[in-house]
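For the protein sequence lines, the chains are A and B, in the order given.
In terms of the working numbering, the first sequence has 4 at position 4, counting the first letter as 1, and numbering is strictly consecutive.
Numbers given in the working numbering equal positions in the second sequence, counted from 1, plus 1000.
2 protein chains.
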Amino acid sequence: MNDNRIVEQIKSFFEPSSVAVVGASKHVDKAGHVIFKNFVENKRLGLFKGDLYPINPREESILGYKCFPSIKSLPVNEIELVVIVVPAAFVPQVMQDAKEKCSKAAIIISSGFSEVGNRELENEVRRIAFEGNIRVLGPNCLGVYDPVSGVDTLFLPITKTLISGEEVIATPRPKEGKIAIVTQSGAFGVAALDYLAGRQLGISKFVSFGNRIDLDESDLLNYFLHDKRTEVILMYIESVRSGNKFIETAKNVTRIKPVIALKTGKTKAGAKAALSHTASIAGLDEVYNAAFFQAGIIRAQNMNEFFNMGKALSMQPPARGKNICIITDAGGPGIMVADECELKGLKIESISEDGLRKLEVLRESGQIPKFASLSNPIDLTGSVTSDMIAKVTEIVYHDKKVDGIVLLGLHHVPGLQEDYVDRIALITSSREKPIIACDIGETEMALYVRSKFEKFGIPAYASPEDAACAMYALCYYGEYLNNLNRCK
Amino acid sequence: MNDNRIVEQIKSFFEPSSVAVVGASKHVDKAGHVIFKNFVENKRLGLFKGDLYPINPREESILGYKCFPSIKSLPVNEIELVVIVVPAAFVPQVMQDAKEKCSKAAIIISSGFSEVGNRELENEVRRIAFEGNIRVLGPNCLGVYDPVSGVDTLFLPITKTLISGEEVIATPRPKEGKIAIVTQSGAFGVAALDYLAGRQLGISKFVSFGNRIDLDESDLLNYFLHDKRTEVILMYIESVRSGNKFIETAKNVTRIKPVIALKTGKTKAGAKAALSHTASIAGLDEVYNAAFFQAGIIRAQNMNEFFNMGKALSMQPPARGKNICIITDAGGPGIMVADECELKGLKIESISEDGLRKLEVLRESGQIPKFASLSNPIDLTGSVTSDMIAKVTEIVYHDKKVDGIVLLGLHHVPGLQEDYVDRIALITSSREKPIIACDIGETEMALYVRSKFEKFGIPAYASPEDAACAMYALCYYGEYLNNLNRCK
């Protein structure tokens, strides 16, 4: 199958047995230095296991590695992956050389192609790649970051030195995780890495594909369908290269793994900006909505939704239905979740008669506050304790009418201790339905409670509406899967 | 004028010459302990300057203060402010005593009134207050926090002790600032304090008014109109007590200071939740939209918007028109701002012919990148330097066609150093039009750059859409003021 062949080919980008960095440099300010050094470092750490060659006609050696003037001059017959960081005009020659060394993959970092009108040069590169059967990422891209194999072609160093002389983290690489990032915009891509690393979220792999003269968003989606480390795919696009290919591929992917898309260029102003950015014709936004819907792709409306949804889908199962129960110790924020859920088409219905009776027993026996409200949202009021929240969550979690829980445990109230998190994690460990947590605040205890939830695989949010949006993504994807099964 | 009399009366809540805490306690777990201790601490720090009396018939002294069995037994003729933390049933007697001591203000923290059906008790308290000419906040509220006068009736201690024995910040009190918080929900109120403190934002005063048997959102709005330390008012409400009074008051306020409202109970599910929370009849959401529009109140659709808008309006002037120029070093995020601006009704038009010519000169002379895009968004690409961003911002800031700037300086690119922030601050220091900054990321450099911007009074956001939303608030308020002036 052709699909499987591409998947095999794309592996050369992530697990190459040999890499040549063309344009490797000794100068710390050069992209070719940063990229080559990434490989050197990751080799030293035992992450990158392939052979490594710097290519630069003006140097004898770089960072202890003997330097070669060209790919052709390398003392081996084959180079699996070629990373190209030389000016655009030299790229065709490099590709010719790569062809001679039977290269399987090339990442062209260099810019100066169609995005600035140089279509002819781009076509020449494409032709050589096609003749040599070399798969290409780019040009005008950042390429690949893989936290496990140690391939890291990002030319932005992890740290930056401030004018004061202080060194600070500037472009962190997230740890290993379940989320794949596929991005058309390199700048947004590194921003995403910065966001995910800061929020302690891991990634499986990162790919920035830029001008996509060969591999495009559909090929990469297909690759990640087969990638075992990837459980959720987050995709930033300004346009899709081939609508039919995209929808067909995405359909195959979304029946197995959720895909979240941030598609920009929605408006006239945005589409105009996209045109001058990646020469993307953004297209009618309604068409994208329809395509995403058909393909089971969840569309994020903005950056926060993109990451919020991604986190939820990487940690919790999709919901089987749309009836969400809100459990809260704070009235106002409970209303905010109810509002946002209903606005997004979810239902806030009462739990079952049977469940209600159990809650009433708790209330009558003084195990939850006398004035607790048992309708949905279930409001345990400021008199809540860890024990109360656990007992109520246990009943609600096993209630047949409930498809998912949004739990607001605002930590400010006196009786709530952080141990309720452990108990909630235990109660919901079967993963039979999703739970989302929310605690508001940006100081110590709020940060601690949210991070504690996430260590147990329960995504936690800092605003009620973000929590509702996360639950929406789980319901949307769950409904899509339900409909698929029904159509079988 | 009656209005001015209420303003004078409300001052007794924030700057009382004497306070009695009825229900003060020695037990650390009691609300009456926390509140009394807040006053003791703030007196020790020299913040709270009034006389302080604990009231509790079972104690001789609390925290070194001689304790009195009742307000009546106090050795003074007058007590300006009475803070009441005793069970609901005792509140009428306390109010009678306060009347005898000519109290001007009472904060009734106690719950157990109309929110649980005890309307009669609530009416009795209201009657006594009316007879005694005592203004009341509450019942079922948190009362007041004033970072300058040291009045702090929040019964949630600043820190909490985890089960491990570690003490962590749980309910921080923000530093002094320009934002007033008026909230119907106490829980949301403390969550807001936690958010603002963590984000280094200050407040002028905080009021939680709960069941509002006397003072309501309109009275408090009016008070903050006259409060010199308040420049922006953030208001969380589930309902408005009197529509006409609210609109008339708000109109007077918004011609001087911006008001941002987070009104929950927007949907059927939310309205139902609000009813059981504060017995609020949420009303038709369209009616609130119309009322807010008429009164010049900016409506936030969710918690993030609420704080994002508040920050913008507390730091930057309103925009004179709707034409926003986006300056970016990152194509994708620039598109995201353009999309969100247009969706919110702002315009992303080209800058003036004259301004464009100046930018072209920069480009032709190599002072900005050859491939920079000069249409709006102005994209300086990943080759940006601090100098480029400063030169372009200077031209755009003085361009007559531009009403506001959203500046995206993603720090990941190699050539951008944090010193560009100083230069932008200098260029825009005249405050003749607003500027909003954005840098994406959650690790060191992103946090540093955003906080540096905010030290200069330029609000900085972590997502492109949040930045656009902040600019929207400045445009919305600017347009409202323009229309007012036109109608004069």
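Even glycine gets a Cβ: it sits at the ideal position worked out from N, Cα and C.
Quick one, are the C-beta atoms of residue i and residue j less than 8 Å apart?
| i | j | result |
| --- | --- | --- |
| Ile128(A) | Lys104(A) | no |
| Ile62(A) | Ala89(A) | no |
| Pro464(A) | Met336(A) | yes |
| Leu1221(B) | Val1253(B) | yes |
| Gly1143(B) | Ile1107(B) | yes |
| Val1207(B) | Leu1262(B) | no |
| Gln367(A) | Lys391(A) | yes |
| Leu1380(B) | Glu1360(B) | no |
| Glu238(A) | Gly265(A) | yes |
List the residues of chain B that residue i touches, going by C-beta distances under 7 Å, in chain order.
| i | result |
| --- | --- |
| Val190(A) | His1412 |
| Asp403(A) | Here the premise fails: no neighbours, minimum Cβ distance about 15 Å. |
| Pro172(A) | Thr1443 |
Identify which residue in the options has its Cα closest to the Cα of residue i.
| i | options | result |
| --- | --- | --- |
| Lys1433(B) | Pro1318(B), Lys1401(B), Ala1269(B) | Pro1318(B) |
| Tyr1145(B) | Cys1102(B), Asn1308(B), Lys1011(B), Met1471(B) | Lys1011(B) |
| His1411(B) | Glu1364(B), Arg1486(B), Ala1460(B) | Ala1460(B) |
| Val1034(B) | Pro414(A), Glu124(A), Thr171(A), Leu481(A) | Pro414(A) |
| Phe188(A) | Lys178(A), Gln367(A), Thr171(A) | Thr171(A) |
| Gly1270(B) | His226(A), Ile378(A), Gly265(A) | Ile378(A) |
| Pro16(A) | Val361(A), Leu359(A), Asp152(A) | Asp152(A) |
| Ile1405(B) | Lys1043(B), Thr1428(B), Thr1385(B), Ser1386(B) | Thr1428(B) |
| Lys1043(B) | Cys1438(B), Ser1018(B), Tyr1480(B), Arg1058(B) | Ser1018(B) |
| Lys376(A) | Gly331(A), Ile368(A), Glu418(A) | For the sequence presented, residue 376(A) should be read as Asn rather than Lys. Among Gly331(A), Ile368(A), Glu418(A), the Cα nearest to that of Asn376(A) is on Gly331(A). |
| Lys1037(B) | Asp1097(B), Ile1158(B), Asp1329(B) | Ile1158(B) |
| Phe293(A) | Tyr480(A), Leu81(A), Pro92(A) | Tyr480(A) |
| Glu1442(B) | Phe307(A), Arg241(A), Glu231(A) | Phe307(A) |
| Phe1209(B) | Ser1185(B), Val1125(B), Gly1202(B), Lys1160(B) | Ser1185(B) |
| Asp1194(B) | Ser1383(B), Glu1349(B), Pro1174(B), Lys1400(B) | Pro1174(B) |
Show which residues of chain B have a CB atom less than 8 Å away from the CB atom of residue i.
| i | result |
| --- | --- |
| Lys72(A) | Neighbours of Lys72(A) on chain B: none; closest Cβ ~30 Å, over 8 Å. |
| Leu221(A) | Here the premise fails: no neighbours, minimum Cβ distance about 19 Å. |
| Glu100(A) | Within 8 Å Cβ-Cβ: nothing; Glu100(A) doesn't reach chain B, min ~32 Å. |
| Asn199(A) | Rather than Asn, the amino acid found at residue 199(A) in this sequence is Arg. The contacting residues are Glu1442. |
| Asp194(A) | His1412, Ile1440, Gly1441, Glu1442, Thr1443, Ala1446 |
What first and last residue would you give for the beta strand (DSSP E) that runs through residue i?
| i | result |
| --- | --- |
| Glu1176(B) | 1176-1183 |
| Asp1051(B) | 1051-1055 |
| Leu1156(B) | Leu1156(B) -> no beta strand (DSSP E), and no H or E assigned at all. |
| Cys1438(B) | 1435-1438 |
| Val1167(B) | For the sequence presented, residue 1167(B) should be read as Glu rather than Val. Start and end: 1167-1169. |
| Val21(A) | 18-22 |
| Ile84(A) | 81-84 |
Output, in chain order, the set of chain A residues within a Cβ distance shorter than 7 Å of residue i.
| i | result |
| --- | --- |
| Tyr1448(B) | Val168 |
| Val1116(B) | Phe371 |
| Ile1348(B) | Ala269 |
| Gly1382(B) | Ala187 |
So with CB distances below 9 Å, who are the chain A contacts of residue i?
| i | result |
| --- | --- |
| Asn1304(B) | Asn304, Ala462, Ser463, Glu465, Asp466 |
| Ile1163(B) | Gln417, Glu418, Asp419 |
For residue i, return the contacting residues in chain A, with the cut-off set at a CB-CB distance below 8 Å.
| i | result |
| --- | --- |
| Glu1340(B) | Asn302 |
| Glu1238(B) | Gly332, Ile335 |
| Asp1029(B) | Pro414 |
| Leu1343(B) | Lys266, Thr267 |
Between which two residues does the alpha helix (DSSP H) harbouring residue i extend?
| i | result |
| --- | --- |
| Cys1341(B) | 1331-1343 |
| Leu1408(B) | First-last for Leu1408(B): 1404-1408, but that is the beta strand (DSSP E), not the alpha helix (DSSP H). |
| Gly1478(B) | 1464-1487 |
| Leu1121(B) | 1119-1132 |
| Gly198(A) | 186-198 |
| Lys43(A) | 31-44 |
| Lys72(A) | Counting along the chain, Lys72(A) falls outside any alpha helix (DSSP H), and DSSP gives it neither H nor E. |
Got a sec: does the ligand ZN put a non-hydrogen atom nearer than 7 Å to the Cβ of residue i?
| i | result |
| --- | --- |
| Phe456(A) | Within the structure as shown, the ligand ZN is missing, as the structure has no ligands at all. |
Going by DSSP, which residues form a beta bridge with residue i?
| i | result |
| --- | --- |
| Cys325(A) | Ile405(A) |
| Lys1263(B) | Ile1237(B) |
| Tyr461(A) | Cys438(A) |
| Leu1137(B) | Ile1107(B) |
| Tyr397(A) | Tyr397(A) pairs with nothing; no bridge assigned. |
| Asp1152(B) | Tyr1145(B) |
| Tyr1065(B) | Ile1062(B) |
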